[in-house]
Amino acid sequence: MNLELILLNFPYFVSIILFSMGTLIVLTQPNLVKKVIGINIMETSIFLFFIAVGNMRGGVPPIYDPNYPQALYVNPLPSVLMLTGIVVSFSVTAFALALIVKLYIYYGTISAPNFMKLK
Amino acid sequence: MDSIAKLPFYCVIIPLIASFCMPVFARWKKEVCAPLATLTTAAVFILTLIIGYHVSQGQILSYAVSGWDPPWGIEMMVDSLSAIMMMLISGISLFILIFSFAAIKYELERIVTGWYYTAFLLCLSGMVGLVASNDIFNMYVLIEITGISACALVAAKGTRLSTEAALKYLLLATIGSGFILFGIGFIYMITGHLNIHFIAAELTIVKDQYPILIWTTLSFFVVGFGVKAALFPLHLWLPDAHSSAPSPSSAILSSLVVKVYIIAFVKILLIAFGLEIFHETFIRHLIIVLAIMAMLAGSFFAFVQIELKRRLAYSTVAQIGYVFLGIGLGTPWGLAAGMLHIIVHAFMKTCLFLCAGAIAYQTGRKQVNEFTGMGYLMPITMGAFTIAAFSMVGIPLFGGFISKYGLALGSLEADLPILILVIVLSGLLNATYYFPIIGQAYFSQDEEHASDDHDTNSSSKFKRDQIPLSMLIPIVVMALGVIYLGIFPGTVLNFINQTIEVLL
């Protein structure tokens, strides 16, 4: 592995690191709101990954310009897919927070070990 | 011809539109929601029957949504496997909805009725779309629709336990779909396509250049779909979610929702990645090992549960193992039996959960040690329960026997005869936790509970079940379905084999 290749492709590494961090936070943090934040970090890392896949060094936005017919365009599809991904992530967050509010009313705490036990 | 290819699209869009009309109707009149949802589902069921008829003639329906052709647009493709799953999903949802007429009034607060049917129809639309879709990103969106609405079906009850279970389900399911989305990103990076058949064509060319990336992608998909489909070590959300949900929700979650993910997984594994990668990487060995663990451990966990619905939920973990075993074997009989087990299990688990709901409705009993005299109190319900339980154990003449027999044949084909021992052992474990319930219901001499039934002296006489007809009919239909699949499995098997011959 040469260092240059790693440096040029750093968005992939960042997204993998963020994904691992997010998953770890969801699984280990006792605080439910922190779990939701972990979910958001995880999904954001995936958005970063998709957009890095679509990006192209030296590319321009994919708008046709008759003056530069040979221009190198960035792939717009992954960015468009991630719009859907953002909507999904948003709705999951909203739903999870609604459930957490309800649990807070029942238990008076948002710390998971106080009630979530493996049965 | 062209209009028939559009039918799968209508099957997704009709319940989707109807689901968003439900809250409006609920504001007007709460009572119309259930019949409207049932009518919608019935319409979808009829459409899927038409699709099934055309697919059985040997044609494969393919429709490019809004006229954009496959490499760029979304394609919906229905082969015989998708067609039979669509029929199964809409048919079983129809009977669960009929059951829910009375059960929802008993189990849910009146104010959530409209929203409950919204979630139900969204879930139906997501599931039907998931088995019909041929585009992996579209699959991801439908997976999320199914997952979130399934969480809503659990949370609808609004008790402490169900809210807690719904949150647990939501968090773990989101991790699962995150893994799936990352896998989709990897596939898009390797191939530049999202359509399954184009991915397959591209992967055969480039697979030798990216061996590590393909390994990574496969493992991401196994973890993602494993969490979603409750493959054994990743099943932690399932028992809570399925046992604390209202009984119609438990039935649809346990019999359909966890299965559609398996169908999507099979499509990605066997069509997109193709058989070469399936056999070259050790993915099938991993799946077989996990499946064996699921079959044994799921049954052990089920054995120690006291609450009936938790026992049934753990039993689902074990049965998912059978389906994954069929996929892991990768032989014609193994895969056909795995897919047949999806169908059989959908019938018997729906029957068992609906029976549990009906028993709780009439007598309020939820523990397995309270079943004394139940066979006399509710003869039809307990009869259906017995049929489904026999099928679960794998007694001949019932549906479960055929799929287990097929799995045994499949493991002989794959040259792994030791697996037959595991299948038999798991069947015996099933017997250890179903037969005590049945034995107590019919043969127990214990008179303690008989005094609860208001008239002590007639506790050993058959009475008619005191549950509404709308609850009784679905239970009886499911039990008849189990028997039908056990005696005439040929039609269904031939139908599935149409696709499996192409896949393998």
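Read top to bottom, the protein sequences are chains A and B.
When we follow my numbering, the leftmost residue of the first sequence carries the number 1, and every step to the right adds one.
When we follow my numbering, the leftmost residue of the second sequence carries the number 120, and every step to the right adds one.
Glycine residues also receive a C-beta, built at the ideal position from the N, C-alpha and C atoms.
Does any CB atom of chain A fall closer than 8 Å to the CB of B/T282?
Taking the second sequence and counting its residues from 1, one reaches residue 282 of chain B at position 163. Closer than 8 Å to some Cβ of chain A, the Cβ of B/T282 qualifies, so yes.
For B/E426, write down the residues that DSSP places opposite it in a beta bridge.
Numbered from its first residue, the second sequence carries residue 426 of chain B at position 307. Answer is B/Q486.
Would B/T450 pass as a contact of B/G529 if the rule is Cβ separation under 8 Å?
By 1-based counting over the second sequence, the position of residue 450 of chain B is 331. By 1-based counting over the second sequence, the position of residue 529 of chain B is 410. Against a cut-off of 8 Å, the Cβ pair of B/G529 and B/T450 comes out as a contact.
Quick one: residues in its chain with C-beta nearer than 7 Å to the C-beta of B/S577, no 5 flanking neighbours on either side, listed in chain order?
Position 458 of the second sequence, counted from the first residue, corresponds to residue 577 of chain B. Note on B/S577: pLDDT 48, under 50, position unreliable in the model; no value is reported.
Kindly list, in the order they appear in chain A, the residues whose Cβ is closer than 9 Å to that of B/M412.
Counting from 1 along the second sequence, the entry for residue 412 of chain B is found at position 293. By Cβ distance, chain A contributes nothing, its closest Cβ being about 17 Å from B/M412, past 9 Å.
For a minimum of 4 consecutive residues, which ranges assigned as the alpha helix (DSSP H) are wholly contained in the segment 243 to 279 of chain B?
As far as the segment 243 to 279 of chain B is concerned, its whole alpha helix (DSSP H) runs of at least 4 residues are 255 to 274.
Exposed or buried, which one is B/P330 when buried takes at least 16 other CB atoms within 10 Å?
For the purposes of this step, residue 330 of chain B is identified with residue 211 of the second sequence, where counting begins at 1. B/P330 comes out exposed.
What residues in the segment 185 to 207 of chain B bring their beta carbon closer than 7 Å to a beta carbon of chain A?
none
So, does the segment 409 to 425 of chain B touch the segment 386 to 399 of chain B, judging by three or more C-beta pairs under 8 Å?
no
Just to check my reading of the structure: B/A432 and B/S374 have Cβ atoms closer than 8 Å, yes? What is that Cβ distance to the nearest angstrom?
Working through the second sequence from its first residue, we reach residue 432 of chain B at position 313. Working through the second sequence from its first residue, we reach residue 374 of chain B at position 255. Rounded, the Cβ-Cβ distance is 12 Å, inconsistent with contact.
Does the distance from the C-beta atom of B/T336 to that of B/I306 stay below 8 Å?
For the purposes of this step, residue 336 of chain B is identified with residue 217 of the second sequence, where counting begins at 1. For the purposes of this step, residue 306 of chain B is identified with residue 187 of the second sequence, where counting begins at 1. Yes, Cβ-Cβ distance for B/T336 and B/I306 is below 8 Å.
Shorter than 7 Å, the distance from the beta carbon of B/F305 to the closest heavy atom of the ligand SAH, or not?
Within the structure as shown, the ligand SAH is missing, as the structure has no ligands at all.
Who are the neighbours of A/V74 on chain B, taking C-beta pairs under 8 Å?
Position 74 of the first sequence, counted from the first residue, corresponds to residue 74 of chain A. Using a Cβ-Cβ cut-off of 8 Å, A/V74 is close to nothing in chain B; its nearest Cβ partner there is about 14 Å away.
Do we get a CB-CB distance below 8 Å when we pair B/Y172 with the residues of chain A?
Along the second sequence, read from residue 1 onward, the residue named residue 172 of chain B stands at position 53. No, because no Cβ of chain A sits closer than 8 Å to the Cβ of B/Y172.
Taking Cβ positions, are B/F214 and B/P515 nearer each other than 8 Å?
The residue labelled residue 214 of chain B in the question sits at position 95 within the second sequence. The residue labelled residue 515 of chain B in the question sits at position 396 within the second sequence. Contact: no.
Ends of the alpha helix (DSSP H) at B/S118?
No statement about residue 118 of chain B is possible, as the shown extent of chain B runs from 120 to 623 and does not include it.
Is it true that the segment 123 to 135 of chain B meets the segment 247 to 262 of chain B, where meeting means three or more beta-carbon pairs spaced less than 8 Å apart?
yes
Excluding the five sequence neighbours on either side, which residues of its own chain have a C-beta within less than 7 Å of the C-beta of B/F509, listed in chain order?
Taking the second sequence and counting its residues from 1, one reaches residue 509 of chain B at position 390. Closer than 7 Å at Cβ, skipping near neighbours: F517.
Of the choices A/T109, A/P11 and A/P69, whose alpha-carbon is the least far from that of A/M56?
By 1-based counting over the first sequence, the position of residue 56 of chain A is 56. Per the C-alpha coordinates, the member of A/T109, A/P11 and A/P69 positioned closest to A/M56 is A/P11.
Taking C-alpha atoms, which residue in B/M501, B/N613 and B/F339 lies nearest to B/F562?
Indexing the second sequence from 1 puts residue 562 of chain B at position 443. Comparing Cα-Cα distances from B/F562 to each of B/M501, B/N613 and B/F339, the minimum goes to B/M501.
Return yes when the Cβ of A/I46 is within less than 8 Å of the Cβ of A/M21, no when it is not.
The residue you call residue 21 of chain A lines up with position 21 of the first sequence. The residue you call residue 46 of chain A lines up with position 46 of the first sequence. Taking 8 Å as the Cβ cut-off, A/M21 and A/I46 do not qualify as a contacting pair.
Under 8 Å between the Cβ atoms of B/L473 and B/S362?
The residue given as residue 473 of chain B occupies position 354 in the second sequence. The residue given as residue 362 of chain B occupies position 243 in the second sequence. It is not a contact, given that the beta carbons lie outside the stated cut-off.
Do B/C470 and B/A503 count as a contact pair if the criterion is CB distance below 8 Å?
Against the second sequence, residue 503 of chain B aligns to sequence position 384. Against the second sequence, residue 470 of chain B aligns to sequence position 351. For B/A503 and B/C470, yes; Cβs fall inside 8 Å.
For B/P154 and B/S268, what's the separation of their Cα atoms in angstroms?
For the purposes of this step, residue 154 of chain B is taken as residue 35 along the second sequence, with counting starting at 1. For the purposes of this step, residue 268 of chain B is taken as residue 149 along the second sequence, with counting starting at 1. The straight-line gap from Cα to Cα measures roughly 20 Å.
Helix, strand or coil: which one does DSSP assign to B/S563?
Position 444 of the second sequence, counted from the first residue, corresponds to residue 563 of chain B. Here B/S563 sits in coil by DSSP.
By Cβ distance, which residues of its chain are closer than 8 Å to B/F298, with the 5 residues on each side in sequence left out?
Sequence index remark: in the second sequence, residue 298 of chain B carries index 179 (1-based). Around B/F298: F339, F340, V342, G343 and V346.
Output yes or no for whether 8 Å exceeds the beta carbon distance between B/G440 and B/F351.
Numbered from 1 along the second sequence, position 321 holds the residue referred to as residue 440 of chain B. Numbered from 1 along the second sequence, position 232 holds the residue referred to as residue 351 of chain B. Closer than 8 Å, so yes.
For B/G210, tell me which candidate among B/M246, B/Y225, B/E228 and B/M195 has the shortest Cα-Cα distance.
The residue given as residue 210 of chain B occupies position 91 in the second sequence. For the residues B/M246, B/Y225, B/E228 and B/M195, the minimum Cα distance to B/G210 belongs to B/M246.
Does B/A416 get closer than 8 Å to chain A when you measure Cβ to Cβ?
What you label residue 416 of chain B is simply residue 297 of the second sequence in a count that begins at 1. Chain A, which has no Cβ nearer than 8 Å to the Cβ of B/A416, makes this no.
Is the beta carbon of B/L531 less than 8 Å from the beta carbon of A/I100?
Against the second sequence, residue 531 of chain B aligns to sequence position 412. Against the first sequence, residue 100 of chain A aligns to sequence position 100. Contact flag unset, no.
Does the beta carbon of B/F256 sit closer than 8 Å to a beta carbon anywhere in chain A?
Stepping through the second sequence from its first residue, residue 256 of chain B is reached at position 137. True, the Cβ-Cβ gap to chain A drops below 8 Å.
Go ahead and label B/Y172 buried or exposed: buried means 16 or more other beta carbons lie within 10 angstroms of its beta carbon, across all protein chains shown.
Locating residue 172 of chain B in the second sequence gives position 53, where the first residue counts as 1. The residue in question, B/Y172, is exposed, as its Cβ has fewer than 16 Cβ neighbours within 10 Å.
If you follow the beta strand (DSSP E) that B/Y182 is part of, which residue opens it and which one closes it?
Taking the first residue of the second sequence as 1, we reach residue 182 of chain B at position 63. Segment L180 to A183, the beta strand (DSSP E) holding B/Y182.
Just to confirm, is the Cβ distance from B/F466 to B/G600 under 8 Å?
Start at 1 with the first residue of the second sequence, and residue 466 of chain B comes out as number 347. Start at 1 with the first residue of the second sequence, and residue 600 of chain B comes out as number 481. Contact: yes.
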